[in-house]
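Number of protein chains: 4
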Amino acid sequence: MEQVLTFYCPDKIGIQAKVTNLLFHNEAFLTDVESFSDSKSHLFFSRVVFTSNKILNIKKDFKVLSKELNMQYEFNNLSKKIKVGILVSKEGHCLNDLIYRSNYRGLNIEVVCIISNHKNLRPLSKINKTPFLYVDTDKYNNKESELIINNELKSKNVELVILARYMQIMTPTFVKDWQNKCINIHHSFLPSFKGAKPYHQAFERGVKMIGASAHYISNKLDEGPIIEQGAEEISHKDSVDSLISKGNDIEARVLSKAVTYHAQHRVFLNGAKTIVFR
Amino acid sequence: MEQVLTFYCPDKIGIQAKVTNLLFHNEAFLTDVESFSDSKSHLFFSRVVFTSNKILNIKKDFKVLSKELNMQYEFNNLSKKIKVGILVSKEGHCLNDLIYRSNYRGLNIEVVCIISNHKNLRPLSKINKTPFLYVDTDKYNNKESELIINNELKSKNVELVILARYMQIMTPTFVKDWQNKCINIHHSFLPSFKGAKPYHQAFERGVKMIGASAHYISNKLDEGPIIEQGAEEISHKDSVDSLISKGNDIEARVLSKAVTYHAQHRVFLNGAKTIVFR
Amino acid sequence: MEQVLTFYCPDKIGIQAKVTNLLFHNEAFLTDVESFSDSKSHLFFSRVVFTSNKILNIKKDFKVLSKELNMQYEFNNLSKKIKVGILVSKEGHCLNDLIYRSNYRGLNIEVVCIISNHKNLRPLSKINKTPFLYVDTDKYNNKESELIINNELKSKNVELVILARYMQIMTPTFVKDWQNKCINIHHSFLPSFKGAKPYHQAFERGVKMIGASAHYISNKLDEGPIIEQGAEEISHKDSVDSLISKGNDIEARVLSKAVTYHAQHRVFLNGAKTIVFR
Amino acid sequence: MEQVLTFYCPDKIGIQAKVTNLLFHNEAFLTDVESFSDSKSHLFFSRVVFTSNKILNIKKDFKVLSKELNMQYEFNNLSKKIKVGILVSKEGHCLNDLIYRSNYRGLNIEVVCIISNHKNLRPLSKINKTPFLYVDTDKYNNKESELIINNELKSKNVELVILARYMQIMTPTFVKDWQNKCINIHHSFLPSFKGAKPYHQAFERGVKMIGASAHYISNKLDEGPIIEQGAEEISHKDSVDSLISKGNDIEARVLSKAVTYHAQHRVFLNGAKTIVFR
């Protein structure tokens, strides 16, 4: 059973030596090691995948080492599925993609609830009989809606929220609640075209490529730490509608990559940026 | 000898029929026809490549038709080299690429002068003994510099000015003088990161892709009509320096495409946007 | 209601003039015209999208013109959904993608039957209650299986067969029956790695990119006319399993493009090659 | 001054621990560590970039450790320019690119000689006054030509030979002499279209993408270990000539990446495949 150790700490010489030594003395076989030394924040980030029969010992020893090196760290079972709640509005291309990947493609997430302010995507929830919660955002105000949503997410023990084209702005409370645990897909190549209707903006500006960006949400709209981006060529022949259609494909691709990285514990926050060991 | 006819006019039914008929009756053999009907501006744009022994007749007949259809049009010899003046500062990757393409790769431009506010790229001008004019922008003010530059461009009968990483802002007079005849390469994926030091901006924001944009210059900085864009993946491992290095490759690629399209009469202005028949 | 006219004929001067004239005199408004003159086969190919109230007249006139110019041609209603039968084995990423696109993304196909030699993808058929036919290829021989399959396809009036990762080789009879009406996705960048287990072959060879190819089937395995291809970077870190996973994404993307082109009447056969007006 | 340590050895637990410990005890500051454990060959590969004032001690200690672990290893100064000889025929796009990068872009190679069986690229050698040796392959046979070439390469202390579109097949003797020290750019997406005229082959097959592959030469034509590949979309509109033109751009891009990786000691041979720490 593969374990993944992720940690970061103030950078100095000897960190790798100490960590690999600790693992070596506990008979760990390392299958993937990636690390990054950020010369600006002076932090050292690392992700180590290993197998060992002495995982309890390793954790005990690591507790000691982590104090010495002032580390933040986590051990996770690499194959464990993380519980995911997906919020959507009318567009289901990202939802459909994530459901399929969790069912058939080995993406280690379990979609435990789907929440939407529209009803049209309910049929997609039927494949796995996943609960589909309709929240009438016309009837409830923002705060009330979020209360209902948060209840559902909490009651299902959700570990990661995915805004898979959910066209409502989350309150600061929600953002804080789900800090680093809520991924949004924005349908533009950030920082271009923040806010509403980015494909309309792209059309007006006459750009020759469009893109999409997956990021953790933050209180500044579309300014959270970016996890993954993608882009594609377009031309003068593209209407707003065809931009939307091409964009949808990019969005699904980009979001599924970001979710995969998160679920495999490949993403670290580094201030307003991310480190992604792909 | 291939001719290229480019025209645009208010859209209505029968334009293609009338134009192709005119060419047919003058025994033109069409090798490439592309057209675009813009549903917003209600303009019809077309580019027709043909061979014919009756080019004078065609031009005479077209003069009549163009009045009937209220057309703007041009006939050009497709293989004629257009005279180009290139402005650079310290970075020569675009200049080097354009020189090579004009010498060995069939790009139908003739580089008739190179102008720079630095001296380090002079060796590149030696391959073809192209005049290299050094303009000391520390000694001269913006207006004086541009006078010297414009003199050089005019005296060499330049038809297209290329700002191949020229790090000075052109005056409104220069912009007006060279409207639709001056292509700039901006080292970001516009509209992201306008203005100075875009790679530094990209680094700070933590984007996962960088890009470059070739556009006709306009009076609003980095807001002219975009001709071509390109982008590439980056990661947290990239420093500002490596972003600059990767970006340089994208810039050279994007600019050479834009120049090729312009030189082959593939680009039309459509308000603040371009139509590019690739 | 948009009509799409597709035709090809021996190339000579005046074809475009005659066709556009015919349409003009029947008050057709052209919204998209693309044509291609093949200097090797000396054939002229064209696709014209138009609206007109005189479609019957146009068809009558075109019958006459087509004889004069020795044309093969078709008129189709652009928004009509074409009936599609999809064959799959165990891998459902292409099937899932096509179903979603036909339901929610405006791809003008109607999936009228799904046929598989495995049962694991049956849940995907439930979204639309599409008939799912299981054919036990261990019990039946190739010929018997195809009889069952062909019966199903014919009884459902299928117009296009899609081999969406169907891991059986079709007989010459089937190939002939569905000539130019059967698209296969091959999981390699053809002509590299024909035949079985292309990702294993790619892994062994140590390539740095993998790809996928959508093509019409022919009697030579994986040598039919290619409609669309895609490729992506890989690295030494990729195992056969991760190649398969990355490849699956490319396959779904490439196949959906090829099907879209076919369904929108954008594909022409030109000997062993295709012309695709994208 | 950054040092780069590259090594490989039979895989077992503790290698990373021992190596990083050794470096730690010699006060090395690690700036980049990448490693790869190949589950097929059971070899462990690693590249470590570090700075230290005790480089002599490190080398002494490493000699001991390398015996214990049965390692192959090298220490190199990361900023040292490696001496390069470039062979070309008529096409100079790769040569031009490499010369520019070595002069202005920080690529750590020094082009010490250019050898060609044609004279047309001599002007490119003038920028740096690099010796340009013309070898008349019509006058001399293959063996004689290679003797002249090898003399030139050896007399200039060449460390890496680049076949930058050199259209002659090297003898087994030459291949052996320059094993792992000679990079060729093949103008196709290998293993597709080996041998002569790959763009003609691609045109005939009607592929929708073309590519290029940089690889170490081996005795089987175009079957050496691949270092880097690139590909781009094409269409039915492309003639053989335009395929060649588009392909040239891919070739220059792919070759310069491969040379950069080699010059920065990022490439390891692993049987018939490569490991490239990008």
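Residue numbers (this note's numbering), protein chains in the order written: chain A, 1 to 278; chain B, 1001 to 1278; chain C, 2001 to 2278; chain D, 3001 to 3278. Note that CB positions come from ideal geometry on N, CA and C, so glycine has one too. Computed from a predicted structure; not experimentally measured.
Beta-carbon neighbours of residue i, restricted to chain C and to distances below 8 Å
i, result
"Gly92/A", "Tyr2100 and Tyr2104"
"Ser3235/D", "Val2276 and Arg2278"
Integer Cβ distance of residue i from residue j, believed to fall under 8 Å
i, j, result
"Phe3066/D", "Asn3026/D", "Residue 3066/D is actually Ser in this sequence, not Phe. Contact flag wrong, Cβ pair sits at about 15 Å."
"Tyr2216/C", "Ile2227/C", "7 Å"
"Ser3213/D", "Leu3190/D", "4 Å"
"Ile185/A", "Glu251/A", "5 Å"
"Leu3270/D", "Asp3038/D", "For the sequence presented, residue 3270/D should be read as Asn rather than Leu. Yes, Asn3270/D and Asp3038/D are in contact; Cβ-Cβ is about 6 Å, under 8 Å."
"Phe3050/D", "Thr3031/D", "6 Å"
"Cys3094/D", "Ala3164/D", "4 Å"
"Val1240/B", "Phe1203/B", "5 Å"
"Ile3086/D", "Ile3114/D", "5 Å"
"Met2170/C", "Ala3231/D", "Going by Cβ atoms, the distance from Met2170/C to Ala3231/D rounds to 29 Å, so no, they are not a contact pair."
"Ala2258/C", "Thr1020/B", "About 31 Å separates the two Cβ atoms, so there is no contact after all."
"His118/A", "Ser89/A", "6 Å"
Proximal chain C residues relative to residue i, where beta-carbon distance stays under 9 Å
i, result
"Asn127/A", "Residue identity differs from the one stated: residue 127/A is Ile in this sequence, not Asn. Here the neighbours are Pro2123, Leu2124, Lys2126 and Ile2127."
Where residue i sits in the DSSP three-state scheme
i, result
"Thr2173/C", "helix"
"Ile2183/C", "strand"
"Asn2150/C", "helix"
"Asn96/A", "helix"
"Ala2258/C", "helix"
"Leu1236/B", "It is worth fixing the name first, because residue 1236/B is His in this sequence and not Leu. Residue state, collapsed to three classes: coil."
"Asn57/A", "helix"
"Asp222/A", "coil"
"Pro284/A", "Examination of residue 284/A is not possible in this model, given that chain A is present from 1 through 278 alone."
"Pro3198/D", "helix"
"Ser79/A", "coil"
"Asn3248/D", "helix"
"Val3207/D", "coil"
"Asn142/A", "helix"
Beta-ladder partner(s) of residue i, from DSSP
i, result
"Pro10/A", "Leu43/A"
"Asn3230/D", "Reading the sequence as shown, one finds Gly at residue 3230/D and not Asn. Answer is Ala3212/D."
"Thr274/A", "Leu269/A"
"Asp1038/B", "Leu1043/B"
"Val111/A", "Val84/A"
"Ser1116/B", "Val1088/B and Tyr1134/B"
"Asp32/A", "Val49/A"
"Lys2074/C", "The sequence as given places Glu at residue 2074/C; Lys does not occur at that position. Answer by DSSP bridge pairing, in chain order: Thr2006/C."
"Leu163/A", "Leu87/A and Asn184/A"
Contacts of residue i in chain B (Cβ-Cβ under 8 Å)
i, result
"Asn3096/D", "Asn1096, Tyr1100 and Tyr1104"
"Ala284/A", "Any question about residue 284/A goes unanswered here, given that chain A covers just 1 to 278."
"Pro191/A", "Ser1192, Phe1193, Arg1205 and Val1207"
Exposed unless 16 or more other CB atoms sit within 10 angstroms - verdict on residue i
i, result
"Val64/A", "exposed"
"His2042/C", "exposed"
"Leu3023/D", "buried"
"Lys2060/C", "exposed"
"Glu2146/C", "buried"
"Ser3079/D", "exposed"
"Asp2222/C", "buried"
"Tyr134/A", "exposed"
"Glu152/A", "buried"
Closer than 9 Å at the beta carbon, the chain D residues around residue i
i, result
"Ile1248/B", "The question names Ile, yet the displayed sequence has Asn at residue 1248/B. The contacting residues are Arg3105."
Under 7 Å from the C-beta of residue i: neighbouring residues of chain A
i, result
"Val3033/D", "Gln16 and Ser35"
"Asn3021/D", "Ala17 and Asn21"
"Phe1174/B", "By Cβ distance, chain A contributes nothing, its closest Cβ being about 23 Å from Phe1174/B, past 7 Å."
Residues that residue i contacts on chain A, provided the C-beta gap is smaller than 8 Å
i, result
"Ser2245/C", "Arg105 and Gly106"
Beta-carbon neighbours of residue i, restricted to chain B and to distances below 9 Å
i, result
"Ile226/A", "Arg1205, Gly1206, Val1207 and Lys1208"
Proximal residues of chain D, C-beta to C-beta of residue i below 7 Å
i, result
"Gln2179/C", "What Gln2179/C touches in chain D: nothing, since even the nearest Cβ is about 17 Å away."
Proximal chain D residues relative to residue i, where beta-carbon distance stays under 8 Å
i, result
"Ile13/A", "Phe3024, Glu3027, Ala3028, Phe3029 and Leu3030"
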